[in-house]
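Numbering (the numbering used here), first residue to last: 3 to 179.
All C-beta atoms in this analysis are idealised placements derived from N, C-alpha and C, irrespective of residue type, glycine included.
Here is the structure we will look at.
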Amino acid sequence: MAPNEEAAQAAEPAAPKSGGNKLIPILLVFNVLMMGAVLFAVLRKPAVHAPASVESVAASERAESPTATPGAPGAQKPGPILKLENFIIQLRGVDQDRYVRLSFDIEVSADADREVVQARLPQIRDSVISFLSDRTLDELRGSEGIERTKMSLMKRMDEIIPGRRVRALYITDFIIQ
Numbered sequence: 003m004a005p006n007e008e009a010a011q012a013a014e015p016a017a018p019k020s021g022g023n024k025l026i027p028i029l030l031v032f033n034v035l036m037m038g039a040v041l042f043a044v045l046r047k048p049a050v051h052a053p054a055s056v057e058s059v060a061a062s063e064r065a066e067s068p069t070a071t072p073g074a075p076g077a078q079k080p081g082p083i084l085k086l087e088n089f090i091i092q093l094r095g096v097d098q099d100r101y102v103r104l105s106f107d108i109e110v111s112a113d114a115d116r117e118v119v120q121a122r123l124p125q126i127r128d129s130v131i132s133f134l135s136d137r138t139l140d141e142l143r144g145s146e147g148i149e150r151t152k153m154s155l156m157k158r159m160d161e162i163i164p165g166r167r168v169r170a171l172y173i174t175d176f177i178i179q
């Protein structure tokens with residue numbers, strides 16, 4: 003019966019080694035550490051500075067300009083105004099067609115600047131249309147969206163007409179449909 007006992011022992015599977023059980027906890031600890039490192043890297047990103055508000059930009063311009071501040075005795079008088087009316091632009095959108103109707107006034111420093119701006123009206127209209135057609139409804143919504151739009155349009159006008167000839171931009175009609 004000795005040969006049968008040896009055959010029975012050979013038929014039984016060998017017991018697994020106990021060292022393989024340590025692999026799973028090691029992998030779990032490693033994964034937790036890696037997830038923690040990724041989370042730390044994502045949350046530790048440097049804070050992105052918000053764009054300058056209209057008030058801070060206006061305050062810095064007043065500080066840089068040699069003229070008096072608005073509202074103070076001897077403040078600047080309003081300059082000549084040019085009207086730009088009836089911009090109807092399709093906004094960028096995925097789900098629906100949205101349109102914006104916009105009219106605004108441009109305040110310039112002097113009558114000579116008014117003539118320079120009038121000579122550049124086609125470039126200004128083109129710049130306004132191309133800027134707004136690349137905007138979405140959410141980017142234009144609310145007072146902050148309108149202020150950002152005004153500041154961006156002012157920058158574009160300064161690029162078209164250098165020398166700070168455009169003093170201010172006043173939106174007179176703004177309808178989103």
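Per DSSP, cross-strand counterpart(s) of residue i
i: Ala-170; result: Glu-109
i: Leu-104; result: Phe-89 and Phe-176
Same chain, Cβ closer than 7 angstroms to residue i, neighbours up to 5 away in sequence not counted
i: Leu-155; result: Val-130, Phe-133 and Leu-171
i: Ile-178; result: Arg-100, Val-102, Leu-139 and Leu-142
i: Met-159; result: Ile-126 and Val-168
i: Thr-69; result: For Thr-69, the pLDDT reaches just 44, beneath the cut-off of 50, and the residue's location in the model is therefore unreliable, although a value from the coordinates is still provided. Answer for Thr-69: Gln-78, listed in chain order.
Same chain, Cβ closer than 6 angstroms to residue i, neighbours up to 5 away in sequence not counted
i: Leu-252; result: Residue 252 lies beyond the residue range present for the chain, which begins at 3 and ends at 179; the question has no answer from this structure.
i: Lys-152; result: Leu-171
i: Pro-53; result: Bear in mind that the predicted position of Pro-53 carries a pLDDT of just 48, short of 50, making it too unreliable to give a figure here.
Residue nearest to residue i in terms of C-alpha spacing, selected from the options
i: Arg-127; options: Phe-42, Val-34, Leu-35 and Ile-162; result: Ile-162
i: Ile-108; options: Leu-41, Val-40 and Thr-174; result: Thr-174
i: Gly-165; options: Ile-148, Glu-146 and Val-118; result: Val-118
i: Arg-94; options: Arg-122, Gln-120, Asp-136 and Ala-121; result: Asp-136
i: Pro-124; options: Phe-89, Ser-145, Gly-147 and Glu-149; result: Phe-89
i: Ile-148; options: Asn-33, Phe-176, Lys-157 and Val-31; result: Phe-176
i: Leu-104; options: Ile-91, Gln-98 and Asp-97; result: Ile-91
Host beta strand (DSSP E) of residue i (start-end)
i: Lys-79; result: That residue, Lys-79, is in no beta strand (DSSP E); it is neither H nor E in DSSP.
Terminal residues of the alpha helix (DSSP H) in which residue i lies
i: Val-40; result: 25-45
i: Thr-151; result: 144-162
i: Asp-128; result: 123-135
Sequence-distant residues of its chain with Cβ nearer than 8 angstroms to residue i (five each side left out)
i: Pro-82; result: Glu-109, Val-110, Ala-112, Asp-113, Asp-115 and Arg-116
i: Lys-79; result: none
i: Arg-122; result: Ile-162 and Ile-163
i: Phe-32; result: none
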